[in-house]
Amino acid sequence: MIRVSEAQQEAIRQHGARTFPHECVGVILGDVEDGVKIARELRPLENVHEEGHERRYLVSPQQMLALDQEERRTRRKVLGFYHSHPNHPARPSDYDRDWAWPWYTYIIVSVMDGTPVEMTAWQLEEDRRSFRREEIEGIA
Amino acid sequence: MAKVLIPTALQQYAGGADEIEAPGGTVLAVLSALAERYPELKKHLFGDDGRLRQFVNVYKGTEDTRTLQGLDTPVAADEELTIVPSIAGGTGTIERPTTAGFGIITPERAEAATLDKEEILRYSRHLMLPEVNLEGQKKLKAAKVLCIGAGGLGSPLAMYLAAAGVGTIGIVDFDVVDLTNLQRQILHDTNDVGRSKLQSAKDTIHDINPHVEVVGFEEQFTSENAMEIARPFDIIVDGTDNFPTRYLTNDVSVLLGKPNVYGSIFRFEGQASVFWAEKGPCYRCLYPEPPPPGLVPSCAEGGVLGVLPGIVGCIQAIEAIKLILGIGNPLIGRLLLFNALKMQFRELKLRKDPNCPICGENPTLHALIDYEQFCGIRGEEAPPPPLSESEEITVRELKDRMDRGEPLTVVDVREPYEYAIASIPGTKLIPLGQIEERAGELDPNAEIILHCRSGKRSADALNRLKAKGFHRLKNLKGGILAWSEEIDPSVPQY
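Order-wise, the sequence lines are chains A and B.
So this note's numbering is basically just the index in the first sequence, starting at one, shifted up by 22.
So this note's numbering is basically just the index in the second sequence, starting at one, shifted up by 1453.
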């Protein structure tokens, strides 16, 4: 389970709406308490995919290296990432699965014609073959 | 022991540690030691094929080891490796158009083509490719491809299409082989200089493959004949070197509903795409308007690396063959950019322009137009500004006056690289583009003789100086070319 405040959820929706028809991506930073991920900060990241921003996102490895260094410095963890699916349901694609990492939470917001609709969260199964749905607990 | 920093996502498979020391002299050795100690970690780092997974980056210090020596990058005992996740995803696969099902060559046409024993042997390396096989080879034989131009791009194109067994190759070219062509136009050789390009191309193609029928059009490709020439062909390949013919080729292709395999070259850079209005954008969607006349120099003016059309023409040949066979992903909706100096290919996504005048939603062009007028008359083709007879001097007169020892100011308005190739002794170089700002270097009351390669640019320079108050100006008729012809044959022509 991941705890993401209503305000944070709204920020993800807004980010997805802003970049429509392109995919947005951002990192979820926070803590883990008693096995529950608690989002403390959402940070938009640059989508550096060379082609097809409408259907792809990619975070630069340099950005990821910087996040790793920040994690070690602040002890605030990278809990996962969020991205948008423009004109596509909030379900992970095969491509999402091929590139997914274990443990991270992947939040997907579906943005239809510029309007954010459904938001879901997913975690990769151990066998890497599928995702399992993760509950998003919203707090005001 | 090297230190390996483990990302949060993988720490659960490494006993909860965020960094681990592991032995090994290379990235592979260190990671393998790690994987051996933590088998759970292994499956997330390495795929079933034993290779590092695509979403795993390994940094040494601040450098991506992929840009060093990959897994063989040496790792010293005091160095630090960081496993950096590659974070990517998105909605499904990027939809790339495929040529499958285009059906350019109908099964009936392919079936009607026959291959004899010699041809079976000749094409055996194609026949063993499942993507081509006998059916595909028959499609190639049934196919009719029209090459506009038998020059730099048309050369590798026609030669490879012929070798591949394309049954009918049309060629439109009315030019004659010139010595300056041979640096890149490999259809023609030294013995062909002075011959018609079409005849030379026919000979070369038949030497490569006598089974190919070459249909020649020894005429200029114009609005009057283009539709009739292109109609019987399946694919049109643009090997033109000028904008009017390029727009004409595009418009003919759009109006006839045929794919236009586009290529262009300039100096060290090339472009290629497949324009097919029924499936994607056309050339006008990319370039609605031609550049102003004179802005983009032709190869004759700007130069071109001789091998460059070899690369771009071969890409066009591959695209034409893929379209015929109905295999792979064509360059439809993509513009491929090649830079020979950087040795780099880049790709731009192209979109169909809904406002395109010929293939958009409300097209305004329904027939061919006057392309010379549309593109403006190019600088080099423009008639020289009219000069009075007193403003001209012949090379003979100039030579006589030089021989008499008259003190003369002769200004060469060509570019420095041209001056390096050939020059007339005792001349001063002021390139045309600088003539106005450097006019102060010249005496407005002195007689000044201007020259360039053929006399056109110097006539332009003369008018510009005249506007600045110079009144004793003369233009050298025929330029340095005439000098080479009549006075000094040791001066090279270019």
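Ideal placement from N, C-alpha and C gives every residue a C-beta, glycine not left out.
Taking 9 Å as the upper bound on Cβ-Cβ separation, chain A lies near no residue of the region 1569-1602 of chain B. In this chain, the alpha helix (DSSP H) harbouring ASN1586/B covers 1586-1595. Residue pairing by DSSP leaves GLN1638/B without any beta bridge partner. Identification of residues in the region 1776-1802 of chain B having a C-beta nearer than 8 Å to some C-beta of chain A yields GLU1800, LYS1802, given in sequence order.
A Cβ of chain B is located within less than 9 Å of the beta carbon of MET86/A. According to DSSP, residue pairing for ILE1902/B in a beta bridge involves VAL1863/B, LYS1927/B.
In the three-state scheme derived from DSSP, where H, G and I count as helix and E and B as strand, VAL1848/B is classed as helix.
Each of THR137/A, PHE153/A, ILE129/A was checked against the Cα of ALA143/A, and the nearest Cα belongs to ILE129/A.
Counting other Cβ atoms within 10 Å of its Cβ, GLU1814/B stays below 16 and is therefore classed as exposed. In this structure, THR1862/B places its C-beta atom within 9 Å of the C-beta atom of ALA1899/B.
ALA1770/B is positioned such that its CB atom lies closer than 9 Å to that of ALA1617/B.
For SER115/A, the closest C-alpha among the options SER152/A, MET134/A, ARG35/A, ILE24/A is that of SER152/A. Around the Cβ of THR1535/B, a 10 Å sphere holds 16 or more other Cβ atoms; the residue is buried. In the DSSP assignment, THR41/A falls within the alpha helix (DSSP H) that extends over 28-41. Within chain A, the residues placing a beta-carbon under 7 Å from that of LEU1458/B are ASP90, ordered along the chain.
By the C-beta density criterion, TYR1947/B is exposed, having fewer than 16 other C-beta atoms within 10 angstroms. Each residue's CA atom was taken as its position, placing SER1907/B and ARG1891/B some 22 Å apart. For the C-beta of HIS107/A, the chain B residues within less than 7 Å are, from N- to C-terminus, THR1544. Using a Cβ-Cβ distance cut-off of 8 Å, the region 78-85 of chain A and the region 50-60 of chain A are not in contact, since fewer than three pairs of beta carbons, one from each stretch, lie closer than that value. Between CYS1812/B and ALA1730/B, the CB-CB gap stays under 9 Å. For the region 1613-1641 of chain B, no residue has a beta-carbon sitting nearer than 7 Å to a beta-carbon of chain A.
For ILE1536/B, there is no enclosing alpha helix (DSSP H); the enclosing beta strand (DSSP E) covers residues 1533-1538. The DSSP-derived three-state label of GLU92/A is helix. A Cβ-Cβ separation of about 5 Å places LEU1606/B in contact with GLY1716/B under the 8 Å criterion. Per DSSP, GLN1887/B lies in no beta strand (DSSP E) segment and is marked neither H nor E. Listed in chain order, the non-local C-beta contacts of LEU101/A below 6 Å within the same chain comprise ILE50, GLY52, LYS59, THR127, local neighbours out to five positions each way being set aside. Inclusion of ILE1901/B and LEU1851/B in the CB contact set at 9 Å is not warranted, their separation being larger than that value. By the rule that beta-carbons nearer than 9 Å mark a contact, GLN1826/B does not touch chain A. With 16 or more other Cβ atoms inside 10 Å of its own Cβ, LEU1701/B counts as buried. Annotated three-state conformation of HIS44/A is coil, per DSSP. Around the beta-carbon of TYR1736/B, 16 or more other beta-carbon atoms lie within 10 Å, marking it buried. It is roughly 35 Å from the alpha-carbon of PRO1897/B to the alpha-carbon of GLY1756/B.
Contacts between TYR1512/B and chain A, judged by CB atoms closer than 8 Å, involve PRO83, LEU87 in chain order.
Its chain contains GLY1786, ARG1787 as the residues whose beta carbon lies nearer than 7 Å to that of LYS1802/B, once the 5 sequence neighbours on both sides are disregarded; these appear in chain order. Setting aside the 5 residues that flank it on each side, SER1726/B is surrounded in the same chain by TYR1715, LEU1784, LEU1788, each with a C-beta closer than 6 Å to its C-beta; the list follows chain order.
Using beta-carbon distances, LEU1487/B does not count as an interface residue toward chain A, since no partner is under 9 Å.
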